[in-house]
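Residue numbering for the sequence shown follows my numbering, beginning at 1 and increasing consecutively. Quick reminder that beta carbons are idealized off the backbone N, C-alpha and C, glycines included. Comments concern the structure below.
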Amino acid sequence: MFHYAVTSEVLNEGGVAMLIEKPVCVTVEESQMLINAIPEDLTVGVGYIERFNPIIGEIQRIMDAPLYVEMKRHNPASGRITDASIVEDLMIHDIDIMRHVLFNGGYSLHCGGTKNVCFALFTYRTIPVLPLGEPEVLEEDPLHLYRTGGDDD
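Structure representation (structure tokens):
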């Protein structure tokens with residue numbers, strides 16, 4: 001409710017372009033009400049900024065016809081994030097990168113986990129993509145991407 005309430009208040013003041021931290025709202029209904037309230041001439045974005053990380057362009061360059069993609073992100077629990085799950089805080093960036101940068105089109109999804117650990121298997125056409133989030137497991141923040149393709153690798 002926080003993003004909806006604050007953003008609605010700013011919209012009522014009028015004319016202020018804004019970047020809303022993700023997730024844009026708690027529910028689809030709140031999100032739709034907020035989107036409907038934004039004037040067409042006002043710029044409003046949602047904070048999926050990881051897709052602009054320079055490494056993403058390099059990943060696009062080297063990733064040609066993969067057999068599978070595995071994304072692992074291990075982060076210590078964030079002191080600033082106390083009300084969000086690993087999916088809402090971190091995995092959402094990997095999902096955004098997969099859906100809007102690396103792949104497009106339909107996919108299937110199988111997932112499971114808890115607030116702090118989540119496993120998800122996405123399949124785009126015939127390419128399995130496995131993002132995995134475990135925020136409280138390690139004291140470091142590596143992001144590993146493995147590329148395997150054809151007989152040359």
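Item checked: Residue(s) in a DSSP beta bridge with A120 -> C111
Item checked: For V46, the residue or residues it bridges with in DSSP -> I20
Check: Is DSSP giving P54 helix, strand or coil here?
Finding: helix
Notebook entry, point to check: Does DSSP classify L67 as helix, strand or coil?
Noted result: coil
Margin query: Which residues does DSSP list as the beta-bridge partners of P39?
Written below: For P39, which the question treats as bridged, DSSP gives no partner whatsoever.
Checklist line | Identity of the residue in L11, E21, R125, T27 nearest A37 by Cα | finding: L11
Check: Under a three-way DSSP split, which group does V6 fall into?
Finding: helix
Checklist line | Coarse secondary structure for D153, derived from DSSP in three states | finding: Here D153 scores only 44 on pLDDT, less than 50, and its place in the model should not be relied on; the value that follows carries that caveat. Three-state result, D153: coil.
Checklist line | Check whether H163 and E50 have beta carbons under 9 Å apart | finding: Since the first and last residues shown for the chain are 1 and 153, residue 163 lies out of range.
Check: How about M63 and L130: are their beta carbons less than 9 Å apart?
Finding: no
Next item on the list: Find the nearest neighbour of F122 within the set P23, T114, N53, N104, judged by alpha-carbon distance.
Entry: N104
Notebook entry, point to check: How about V117 and M98: are their beta carbons less than 9 Å apart?
Noted result: no
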